[in-house]
Amino acid sequence: LILALLERGYYWPHMRDDVETYVKTCLICQQDKGSNQKHAGLLEPLPISEHPWESISMDFI
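Start counting the sequence shown at 17; every next residue gets the next number (my numbering).
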């Protein structure tokens, strides 16, 4: 994606290699990369309340 965006308006020799090297060494790029993201676990049921007014609520956005 980055290479495609750069190619729209720029060119220099070995551009592909330079972009690849930059992305491999970019800390933010590595943190945001999909393969480095922790996989979500399985959903588990919430415990049933044992006392009145004992409840859990969640807002999903």
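Where is the CB? At the ideal position from N, CA and C, for every residue including glycine.
Using the Cα positions of residue i and residue j, report the straight-line distance between them to the nearest angstrom.
{"i": "L62", "j": "S51", "result": "30 angstroms"}
{"i": "G57", "j": "W69", "result": "29 angstroms"}
{"i": "Y26", "j": "D48", "result": "25 angstroms"}
{"i": "V39", "j": "H30", "result": "14 angstroms"}
{"i": "E60", "j": "R24", "result": "47 angstroms"}
{"i": "C45", "j": "H55", "result": "18 angstroms"}
{"i": "D75", "j": "E66", "result": "22 angstroms"}
Assuming residue i and residue j make a contact with CB atoms under 8 angstroms, what is their CB distance in whole Å?
{"i": "L22", "j": "V35", "result": "7 angstroms"}
{"i": "R32", "j": "L19", "result": "6 angstroms"}
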